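In our numbering, each residue carries its 1-based index in the sequence shown increased by 164.
Cβ atoms here follow ideal geometry from the backbone N, Cα and C, with glycine treated the same way.
As the structure is a computational prediction, the values presented were derived from the model and not from experiment.
Contents: one structure, followed by commentary.
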Amino acid sequence: MTEISRRKLLVTGLAATAGVSALGVAARLAQKYGLIPPDGGGIYGPGEILTYASMRLLTRHSLAREFSRSELSARPLANEVAPPSEEFKRFEASKFVDWRLVVDGMVDRPTAFTVDQLKGYPSRSQITEVVCEEGWSYVAEWDGVPLSHILNLVGTRPQAKYVFYFSIEPDWWESMDMADALHPQTLVTYGMNGDDLAVGFGGPIRMRLPRQLGYKSVKFINRIVVTDDVKKFGKGLGSASPETGYAWYAGI
Ligand SMILES: Nc1nc2c(c(=O)[nH]1)N[C@H]1C(S)=C(S)[C@@H](COP(=O)(O)O)O[C@H]1N2
Ligand SMILES: [Mo]
165 MTEISRRKLL VTGLAATAGV SALGVAARLA QKYGLIPPDG GGIYGPGEIL
215 TYASMRLLTR HSLAREFSRS ELSARPLANE VAPPSEEFKR FEASKFVDWR
265 LVVDGMVDRP TAFTVDQLKG YPSRSQITEV VCEEGWSYVA EWDGVPLSHI
315 LNLVGTRPQA KYVFYFSIEP DWWESMDMAD ALHPQTLVTY GMNGDDLAVG
365 FGGPIRMRLP RQLGYKSVKF INRIVVTDDV KKFGKGLGSA SPETGYAWYA
415 GI
């Protein structure tokens, strides 16, 4: 079955079983505007399509809540990560001067950025919440360069649909659609609460998407790939998360 007809079947099936006209309308709109998430197949597919499509239709341009300094968490919680590799320890020992963030894929000028280069671009500071799916959260101030600025520098091609990003830590990779990639609050961060970003919080470089759950904010990123084809990565579900039972789109 072709991709299109499989999708059509899925969405039509959803509309038929929904029994509520709003769901039918959402499903038809999802179909019409291509609002099908990469993990929109399988048994949880219809739910993922509904979530993604309705969030996108309602909140494409909305902002995540930003907080005031008085609301900063006294003790931000660094969630546990795997023990650092020897390679990572070497980067850390030389204060990450050799760390590179490679940006390539569907771009005109593939580039490897140093941390200092990233710090030299127009920065944005925002006080936002990290929300883990396990039920805890904290508020911190993040400093970084908007991902949109980086995408402009490298010359993202108009056909681009997704931005994939990879950690040096194996099995941690994610992607976002262009609405999130170009969103002003999506930052490539290098600082937190006025300091360099500590390793526990993902230093030297971490992706921050305050409009999605914490697991989309991948730590220790060293590669960004712009693409129009999710099938090229892993099992083709858009990120590592759906491969282990979490939604690709984790809007909050
Ligand atoms: N590389 C990497 N990134 C990661 C994780 C991880 O284990 N490794 N955990 C994720 C999860 S599940 C959450 S909730 C947040 C936690 O961020 P924090 O440590 O700042 O609280 O980081 C996300 N990014
Ligand atoms: Mo999490």
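Listed by chain order, which residues have C-beta atoms less than 7 Å from any heavy atom of ligand 2? 243, 296, 297, 298, 377, 378, 379
Going by beta carbon distance, what residues of the same chain come within less than 8 Å of residue 248, once the five residues before and after it are set aside? 256, 363
Determine the contact status of residue 343 and residue 392, defining contact as a CB-CB distance below 8 Å. no
Extent of the continuous beta strand (DSSP E) to which residue 268 belongs: 265-269
Can you tell me whether residue 398 is helix, strand or coil according to DSSP? coil
N- and C-terminal bounds of the alpha helix (DSSP H) containing residue 343: 342-345
Under three-state DSSP, which class holds residue 298? coil
CB of residue 365 to nearest heavy atom of ligand 3: below 7 Å? In the structure on display, ligand 3 does not appear, and the ligands it does have are ligand 1 and ligand 2.
With a threshold of 8 Å between beta carbons, is residue 207 in contact with chain C? Checking the listed chains, one finds no chain C in this structure; it contains a single protein chain.
Measure the Cβ-Cβ separation of residue 352 and residue 308 and say whether it is below 8 Å. yes
Considering Cα atoms alone, identify which of 200, 409, 374, 356 is closest to residue 240. 356
Taking only three categories from DSSP, how would you classify residue 386? strand
Grouping DSSP H, G and I as helix and E and B as strand, with all else coil, what is residue 233? helix
Residue from 409, 374, 411 with nearest C-alpha to residue 231: 374
CB of residue 337 within 8 Å of CB of residue 328, strictly: yes
Using a Cβ-Cβ cut-off of 6 Å (strictly less than) and excluding sequence neighbours within five positions of residue 414, which residues of its own chain qualify? 376, 377, 380
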